[in-house]
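Taking my numbering, the leading residue of the sequence shown gets 3, the next gets one more, and so forth.
We put the CB at the ideal spot given by N, CA and C, even for glycine.
Below is one structure; the comments refer to it alone.
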Amino acid sequence: MSKQYIITSNSPYTGRSRASRPLTVEEAVEYYGYTLECGASWSHEKGNKKINRNPKTISALITALNNASNNSARNGCGDYYTAEPA
């Protein structure tokens, strides 16, 4: 059985925190696919980062989610994502 993680997103402006259900890395990539896709669509803009849409590890997924969130945020400061074992 693959290791599962709970991914939490924290909004810096509202203080709102949302946690996902326990997910494996593969399930999390599918679950957060829209966020990764939106961030990748803005990667051509100056100052934005390239987004890995198919990360293999949880740390690579969290990095990609944070970069994708920052890319698609109006002011460049999106939600912060963290993961902890389930």
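(message) Please report the straight-line C-alpha distance between residue 22 and residue 10, rounded to a whole angstrom.
(response) Counting from one through the sequence shown, the residue named residue 22 turns up at place 20. Counting from one through the sequence shown, the residue named residue 10 turns up at place 8. A straight line joining the alpha-carbon of residue 22 with that of residue 10 spans about 6 angstroms.
(request) If I'm right that residue 66 touches residue 50 with Cβ under 8 angstroms, what's the distance once you round it to whole angstroms? (result) Taking the sequence shown and counting its residues from 1, the one referred to as residue 66 is at position 64. Taking the sequence shown and counting its residues from 1, the one referred to as residue 50 is at position 48. The C-beta separation of residue 66 from residue 50 comes to about 13 angstroms, leaving the pair out of contact by the 8 angstroms criterion.
(message) Is it buried or exposed, residue 14, if we count other Cβ atoms within 10 angstroms and call 16 or more buried?
(response) Counting from one through the sequence shown, the residue named residue 14 turns up at place 12. Counting Cβ neighbours within 10 Å, residue 14 comes out exposed, since fewer than 16 surround it.
(request) Tell me where the alpha helix (DSSP H) around residue 60 begins and ends. (result) Here residue 60 corresponds to residue number 58 of the sequence shown, with the count starting at 1. Residues 60-74.
(request) May I ask you to list the residues that DSSP assigns as paired with residue 19? (result) Taking the sequence shown and counting its residues from 1, the one referred to as residue 19 is at position 17. Beta-bridge analysis with DSSP links residue 19 to 12.
(message) I'd like the list of long-range same chain contacts for residue 58, defined as Cβ closer than 6 angstroms, with 5 residues on each side in sequence excluded.
(response) What you label residue 58 is simply residue 56 of the sequence shown in a count that begins at 1. Counting only Cβ-Cβ distances below 6 angstroms, and skipping sequence neighbours, we find nothing.
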